[in-house]
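>
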Amino acid sequence: LEWLVDAAGLAMNPLLVAIEEVRACSLTSGVGVASLCADCFIERPLVRVSESDRSAGMALLDRLITQASRAGMAVVVVPVLEANAVHHRAEGRALVDALSPSLARAAALGVRVALESDLPVDDLRSLIDPSPALGVCYDLGNAACQGYDLAADLRALAGRVAVVHVKDRHRGGPSVPLGEGDANFPAIRDALRAIHFDGPLTLETPRGSDPIAAATAQLAFVRHQLEAGVARS
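When the count follows the working numbering, it moves up by one through the sequence shown with no breaks and lands on 341 for the last residue.
1. Buried or exposed, going by whether 16 or more other CB atoms sit within 10 Å of the CB of His273?
2. Here's the rule: buried if 16 or more other CB atoms are within 10 angstroms of the residue's CB, otherwise exposed. What is Ala339?
3. Would you mind working out which of Ser177, Ala266 and Val113 sits nearest Arg213, comparing C-alpha positions?
4. Can you pull the DSSP bridge partners for Val221?
5. Have a look at Arg162 and Glu335 and give me their C-alpha separation to the nearest angstrom.
6. Check whether the segment 214-231 and the segment 239-247 are in contact - that is, three or more C-beta pairs closer than 8 Å.
7. Near Ser341, what residues of its chain come up, given a Cβ to Cβ distance below 8 Å and the 5 sequence neighbours on each side ignored?
8. Between Leu144 and Leu172, which are expected to be in contact by the criterion C-beta below 8 Å, what is the C-beta distance as a whole number of angstroms?
9. Going by other Cβ atoms of all chains shown within 10 Å of its Cβ, with 16 needed for buried, is Ile320 buried or exposed?
10. Report the residue from Leu258, Asn292, Glu312 and Val271 whose alpha carbon sits nearest the alpha carbon of Pro282.
11. How far does the beta strand (DSSP E) with Thr310 in it extend, from its first residue to its last?
12. Flag this pair as yes or no: are the beta carbons of Trp111 and Val141 separated by less than 7 Å?
13. Report the three-state DSSP secondary structure of His304 (helix, strand or coil).
14. Classify Arg297 as buried or exposed, calling it buried when 16 or more other Cβ atoms lie within 10 Å of its own Cβ.
15. Whose C-alpha, out of Ala146, Gly287 and Cys148, is nearest the C-alpha of Ala328?
16. Between the Cα of Ala266 and the Cα atoms of Leu168, Asp237 and Asp276, which residue gives the shortest distance?
17. Per DSSP, what kind of secondary structure is Leu135 in: helix, strand or coil?
18. Answer with buried or exposed for Ala194, where buried requires no fewer than 16 other C-beta atoms within 10 angstroms of its C-beta.
19. Please classify Arg340: does DSSP put it in a helix, a strand, or coil?
20. How about Leu242 and Gly200: do their beta carbons lie closer than 7 Å?
21. Relative to the C-alpha of Ala164, which residue among Leu207, Leu232 and Thr324 is closest?
22. Just verifying my parser: in three-state terms, what is the DSSP assignment at Ser208?
Below is the structure:
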């Protein structure tokens with residue numbers, strides 16, 4: 109699973125106010141949480157804000173990194189999207205510079221920070237290259253929406269992909285069930301195998317009128333793709 113931290117529920121998010129309950133629930137259920145998605149930074153951006161707001165944001169990120177580590181989560185995803193998107197490389201460099209103390213904390217705790225961005229792969233690589241504690245959350249659906257070559261991007265980001273959000277979209281369109289959009293899943297599977305990706309694959313697929321049935325079908329699709337890759341190799 110991926111744990112969501114949004115701005116609206118920040119004050120009552122169990123990860124921040126009841127961490128022992130989160131850990132106990134994970135242990136008793138046998139369901140682990142591999143990553144945390146800090147959606148709160150979309151509404152509380154780290155770019156184009158005052159120094160005081162940015163400092164407050166970095167303090168929040170430090171807290172999330174600490175709590176993620178306590179809960180056994182290996183990745184903290186920071187969406188660099190919408191209000192928190194970077195518009196040019198200089199802005200991106202300023203953001204990564206500001207992240208530097210948080211990245212040091214993450215590295216010390218064995219946590220990786222992963223940027224989720226719609227930037228082209230070359231721009232994205234220029235942001236993450238300076239720090240081994242900084243990786244990428246690659247969203248298949250968003251990349252397909254942008255018209256990117258998903259398999260080529262994944263190969264170009266070898267070693268830096270920390271988590272993959274599995275979803276499908278047509279170019280310029282909304283999310284659709286896996287296999288119905290422009291994401292080429294056999295090519296994606298081959299690329300992930302080629303870069304020896306062993307991180308989490310997180311389903312971000314349409315819920316439909318029956319979320320359980322929809323999730324079951326989408327999980328079956330992913331498993332079929334992975335098994336087909338093993339059988340072929």
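C-beta atoms are modelled at their ideal positions from N, C-alpha and C, and glycine is treated no differently.
Remember, predicted model here, so these are calculated numbers, not experimental data.
Taking the geometry as given:
1. buried
2. Confidence in Ala339 is poor, its pLDDT being 44 and thus under 50, which makes the residue's placement too unreliable to answer from.
3. Ser177
4. Val184 and Leu242
5. 45 Å
6. yes
7. Interpretation of Ser341 is limited by its pLDDT of 42, a score under 50 that renders its predicted location unreliable; the figure taken from the coordinates is listed afterwards. Hits under 8 Å: Arg301.
8. 6 Å
9. exposed
10. Glu312
11. Leu309 to Leu311
12. yes
13. coil
14. buried
15. Gly287
16. Asp237
17. helix
18. Checking the sequence shown, residue 194 turns out to be Val, not Ala. Its Cβ being crowded by 16 or more others within 10 Å, Val194 is buried.
19. Residue confidence is low: Arg340 scores 49 on pLDDT, short of 50, so the model does not pin down where it sits. No coordinate-derived value is stated.
20. no
21. Leu207
22. helix
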